[in-house]
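Novice: Take a look at this one; I'll ask things after.
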Amino acid sequence: MGNPANPHDPRVKRTRRLLQHAFMELLGQKSFEAITIQDITERAELNRATFYSHFQDKYELLELTLSTMFNDVLHQWIPSGSSLGGEDLVRRLMLALCQWQIEAENSFNRKLTLSAVIEQNTKKQLYSLIHSCLKQADTHPAKSANLPSDQANRRLEILSAMLSHSIHGIVLQWGQTSGTETAEELVDYSLPFIRPILGEANLI
Numbered sequence: 018m019g020n021p022a023n024p025h026d027p028r029v030k031r032t033r034r035l036l037q038h039a040f041m042e043l044l045g046q047k048s049f050e051a052i053t054i055q056d057i058t059e060r061a062e063l064n065r066a067t068f069y070s071h072f073q074d075k076y077e078l079l080e081l082t083l084s085t086m087f088n089d090v091l092h093q094w095i096p097s098g099s100s101l102g103g104e105d106l107v108r109r110l111m112l113a114l115c116q117w118q119i120e121a122e123n124s125f126n127r128k129l130t131l132s133a134v135i136e137q138n139t140k141k142q143l144y145s146l147i148h149s150c151l152k153q154a155d156t157h158p159a160k161s162a163n164l165p166s167d168q169a170n171r172r173l174e175i176l177s178a179m180l181s182h183s184i185h186g187i188v189l190q191w192g193q194t195s196g197t198e199t200a201e202e203l204v205d206y207s208l209p210f211i212r213p214i215l216g217e218a219n220l221i
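For the sequence shown, this note's numbering begins at 18 and goes up steadily by one.
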């Protein structure tokens, strides 16, 4: 693919937005499998060389598109620089996930071939965010457990996985049952089951 484009360059950001927008428009018309690089570049009014200077293939474009969309939702609920913790963080994460569940379903028109990719991408980002929040917290387990560094870090990874998978699983089940309650009601029902994990993470 040559030298990778600098993602912070305004021109790079603009080109990637054009490719993502074209890609999303095409997904509204045909399956992911049927979309070609030529389709994307023609819709974006760019050439194939430009595409390959930014992405290896359409799978990488899909990954970035999903990450960007989910991050946009997360930032609505958890603004950059906010110092949320404990139940407030979990509450906002769950509400953000509920919104993402609905938006992803609408954006990708229940495309079952993409559901596994969307789920994997969401889990990865959610784990990364929770792990980062726990690591930065003044009372995170690595500081409070008086364990050797490698053990404390492993404990942090396990707690992050427990929280992220619990939150994701609850919201996924909610979406599959067509939202038997509101997102706010779901959070209220779920928090008592998540509190023990928060307690282990010293977040309550």
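Ideal Cβ placement from N, Cα and C applies to all residues, glycine included.
1. What would DSSP say about residue 64, mapped onto helix, strand or coil?
2. Using the C-alpha atoms, what's the distance from residue 173 back to residue 107?
3. Label residue 68 either buried or exposed according to how many other C-beta atoms from any shown protein chain fall within 10 Å of its C-beta, with 16 as the threshold for buried.
4. Buried or exposed for residue 47, going by 16 or more other Cβ atoms inside 10 Å?
5. Three Cβ pairs or more, each shorter than 8 Å: is that satisfied between the region 80-87 and the region 29-38?
6. Assuming residue 213 is part of the alpha helix (DSSP H), what are its boundary residues?
7. Measure the alpha-carbon distance for residue 71 versus residue 29 and round it to whole angstroms.
8. Which residue comes first and which comes last in the alpha helix (DSSP H) that contains residue 116?
9. Between which two residues does the alpha helix (DSSP H) harbouring residue 192 extend?
10. Is it right to say residue 51 is buried, meaning 16 or more other beta carbons lie within 10 angstroms of its own, or is it exposed?
11. By how many angstroms is the C-alpha of residue 203 removed from the C-alpha of residue 42?
12. Here's the rule: buried if 16 or more other CB atoms are within 10 angstroms of the residue's CB, otherwise exposed. What is residue 33?
13. Please list the terminal residues of the continuous alpha helix (DSSP H) segment that includes residue 2.
14. Applying the criterion that 16 or more other CB atoms from any shown protein chain within 10 Å of the CB defines a buried residue, is residue 138 buried or exposed?
Specialist: Here's the rundown:
1. DSSP places residue 64 outside both helix and strand once states are collapsed to three, so it counts as coil.
2. Cα-Cα distance, rounded: 16 Å.
3. It is buried - the Cβ of residue 68 has at least 16 other Cβ atoms within 10 Å.
4. It counts as exposed.
5. The way I'd put it, the region 80-87 does touch the region 29-38; three or more beta-carbon pairs between them come closer than 8 Å.
6. It spans 200-217 - the alpha helix (DSSP H) in which residue 213 sits, taken as one unbroken run.
7. For residue 71 and residue 29, the distance between alpha carbons rounds to 8 Å.
8. Counting along the chain, the alpha helix (DSSP H) containing residue 116 begins and ends at 103-124.
9. Where residue 192 is concerned, the enclosing alpha helix (DSSP H) stretches over 166-193.
10. So residue 51 counts as exposed.
11. Their backbone Cα atoms lie some 32 Å apart in a straight line.
12. Classification of residue 33: buried, given that the 10 Å Cβ count is 16 or more.
13. Outside the shown range of the chain (18 to 221) lies residue 2, about which nothing can therefore be said.
14. Looking at its Cβ environment, which holds 16 or more other Cβ atoms inside 10 Å, residue 138 is buried.
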